[in-house]
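Take 843 as the starting number for the sequence shown in the numbering used here and just add one per residue. Ideal placement from N, C-alpha and C gives every residue a C-beta, glycine not left out. See below for the structure under consideration.
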Amino acid sequence: MTELSKIRNFSIVAHIDHGKSTLADRLIQSTNTVADRDMKEQLLDSMDIERERGITIKANTVRIDYVADDGGSYVLNLIDTPGHVDFAYEVSRSMRAVEGSLLVVDSTQGVEAQTLANVYQAIDADHEIVPVLNKIDLPAADCDRVAEQIEDVIGIDASDALMVSAKTGIGIKETLEAIVHRLPSPTGERDAPLKAMLVDSWYDAYLGVVVLVRVMDGVLKKGDRIKMLSNHSTHHVDRLGVFRPKMQDIDELGPGEMGFITASIKQVRDTRVGDTITHEKKGTDVALPGFKPSQPVVFCGLFPVDSSQFEDLRDAIEKLALNDASFSFEMETSAALGFGFRCGFLGLLHLEVIRDRIEREYDIELITTAPSVIYHVYMKDGEMIELHNPADMPDLSKVDHLEEPRIKATIMVPDDYLGDVLKLCQDRRGLQEDLTYAGSRAMAVYDLPLNEVVFDFYDRLKSVTKGYASFDYQMTGYRQDNLVKMAILVNEEPVDALSVMVHRDRAEQRGRAMCEKLKELIPRHMFKIPIQAAIGGKVIARETLAALRKDVTAKCYGGDASRKRKLLDKQKAGKKKMRQFGKVDIPQDAFISALKMDN
843 MTELSKIRNF SIVAHIDHGK STLADRLIQS TNTVADRDMK EQLLDSMDIE RERGITIKAN
903 TVRIDYVADD GGSYVLNLID TPGHVDFAYE VSRSMRAVEG SLLVVDSTQG VEAQTLANVY
963 QAIDADHEIV PVLNKIDLPA ADCDRVAEQI EDVIGIDASD ALMVSAKTGI GIKETLEAIV
1023 HRLPSPTGER DAPLKAMLVD SWYDAYLGVV VLVRVMDGVL KKGDRIKMLS NHSTHHVDRL
1083 GVFRPKMQDI DELGPGEMGF ITASIKQVRD TRVGDTITHE KKGTDVALPG FKPSQPVVFC
1143 GLFPVDSSQF EDLRDAIEKL ALNDASFSFE METSAALGFG FRCGFLGLLH LEVIRDRIER
1203 EYDIELITTA PSVIYHVYMK DGEMIELHNP ADMPDLSKVD HLEEPRIKAT IMVPDDYLGD
1263 VLKLCQDRRG LQEDLTYAGS RAMAVYDLPL NEVVFDFYDR LKSVTKGYAS FDYQMTGYRQ
1323 DNLVKMAILV NEEPVDALSV MVHRDRAEQR GRAMCEKLKE LIPRHMFKIP IQAAIGGKVI
1383 ARETLAALRK DVTAKCYGGD ASRKRKLLDK QKAGKKKMRQ FGKVDIPQDA FISALKMDN
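Below, the structure is given as structure tokens:
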């Protein structure tokens, strides 16, 4: 067992691409935790999709042994966290398990929106924070300016910030010394009842559920009977160990230590992140202050392109849900798309990652319906219904009012593009809360409706700022607004997959654009097809798709005009009858294109 004063638990926080995973690689390499022949880039990013996109999705941990200059041998537990806003819950729970953070800032780019968001989570968790300026080997590095920015924007003293190049290895020794001397050691009682925090869990095909724990008080040993305080389930610890990044078995974990356990648990659902683990007998009754379970904010339907693959899709989704407790799903059917699932995600990147994983790992082609958010529908009898899918909107005569989710968005952008950003937020019904400057960069804080953001806000923001803006948001709650359900009717039949919730002032413009788009996408039939957008019983936009027609008068040459008239009237009556009974086939790519609206 390691004594408490020789343990340091810390995480690395930063904006996307500021060099968290590379710095973790160097710390692992310079302490010889991994042999040189096993070393590879982004050692802790194990998923293909993480390596390919160059982002971290799951928080990972590693235990490093380090002998300091003062001769003491220390155990360092490092958690590498994601930088994307969609995986912010991964960051928040990693923070609660450690006592200090290295704040990595790119010395060429300075402080970005997610640097702020992640630092605030570290400050919330009472961390000691050591600023690290990375990429000092680049010619564009400007350490003084960035140190000043850290002091101005975040309010942390950056006078003794570490100068590091994680790529070339400059400053890594100083970083290790700073971790030992500037970060606090953990606290905990060895003799107290066991209190361990469940930091993360994932499914392994051979071991069942692997649980990452941080012991706060007491000792966890192999063979113990443990109890989860949230659902009182009990388990027998089969295996206990630490990650160096490969699994290595040990006999016990004492206070302040981090490691993993396996206990023949079948479902990741049974292991709630932030739960408290204790002994079955003589355990504690007081749970650690846990995390809030992650709430999905974006919903969308996933349907297989080939409907015979529905069972394969169910299989794939169930396996992914084993690994990702923040992803929720339920079955749904649609007249246009057949059987599929309505899934909940933490954001659009989360949705993309899950969709890519299903398509790549399970080889299923998917159709994704338009992302939507949860609305609160208040009925006249006082009942409140959560609306996940606009098609399920109750009868308007019984509805009192609707509330939509709002977010607080922080956008950091160079001065030159500020006007475009403010206009974009205004167009999306945003309310400006704050506008401040740090050097030549503006920081705008807006209150925005989430349904305007999930659609294509991020893409538009990147295009109006040529990629220079950074964006971060958090949910703030619900607010009443004048929202209506817009249905799309094709040949007077409503098409569920295309109904959307819109603000009443925008409905007409949006409806007209949808109808025009569908007119181009639906192939012509033998009869005239009206395409309409309607709110309740009122049509607000219409386009008519002309019929294909056969030239029935071709055989008439000369003679009385009434002969032609008779043939044309006969054709007209036939088309009228056909329109009553004819069915319109909407090709599947038309759904996808119609939903990818450019506003």
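- Linking residue 1340 to residue 1330 through their CA atoms gives a straight-line distance of about 6 Å.
- Restricted to the region 1124–1175, the alpha helix (DSSP H) segments that are unbroken, complete and at least 4 residues in length are 1152–1165, listed in chain order.
- Closest by C-alpha distance to residue 1390, out of 1367, 1403, 1374 and 1093, is 1367.
- Collapsing the DSSP output to three states places residue 1087 in coil.
- Taking C-beta atoms as the reference points, residue 1061 and residue 1103 fail to come closer than 9 Å.
- Between the alpha carbons of residue 915 and residue 1249 lies a distance of about 46 Å.
- For the region 1246–1310, the full-length beta strand (DSSP E) segments reaching 3 residues or more read 1273–1280 and 1283–1291 along the chain.
- Of the residues 1373, 1223 and 1244, the one whose Cα lies closest to the Cα of residue 1229 is 1244.
- Look at residue 1353 here: in three-state DSSP terms it is helix.
- Within the model, the alpha-carbon separation for residue 1192 versus residue 1414 is close to 52 Å.
- Here the region 1320–1328 makes no contact with the region 965–985; the two share fewer than three CB pairs at distances below 8 Å.
- Here the alpha carbons of residue 987 and residue 1282 stand approximately 11 Å from one another.
- Contact annotation, residue 1126 with residue 1035: C-beta distance approximately 4 Å; criterion of less than 8 Å satisfied.
- The shortest C-alpha to C-alpha distance from residue 1011 to any of 873, 1153 and 1328 is the one to 873.
- For residue 1384 and residue 1272, the gap between their C-alpha atoms comes out near 29 Å.
- Put simply, of 1307, 1159, 1189 and 1201 the residue whose alpha carbon is nearest the alpha carbon of residue 1183 is 1159.
- Using a Cβ distance threshold of 9 Å, residue 1097 and residue 1029 count as a contacting pair.
- For secondary structure counted as the alpha helix (DSSP H) over 4 or more consecutive residues, the region 977–1023 holds these complete runs in sequence order: 985–991.
- Here DSSP, grouped into helix, strand and coil, assigns residue 969 to coil.
- For the 9 Å CB-CB criterion, residue 1141 and residue 1214 form a contact.
- The continuous stretches of beta strand (DSSP E) do not include residue 1239, and DSSP gives it neither H nor E.
- In this structure the region 851–863 lies against the region 935–952, because at least three pairs of beta carbons, one per stretch, are closer than 8 Å.
- For residue 1069, the uninterrupted beta strand (DSSP E) segment begins and ends at 1067–1070.
- Contact check for residue 949 against residue 977 passes: the beta carbons are separated by less than 9 Å.
- C-alpha of residue 975 to C-alpha of residue 952: approximately 9 Å in a straight line.
- For residue 961 and residue 989, the gap between their C-alpha atoms comes out near 15 Å.
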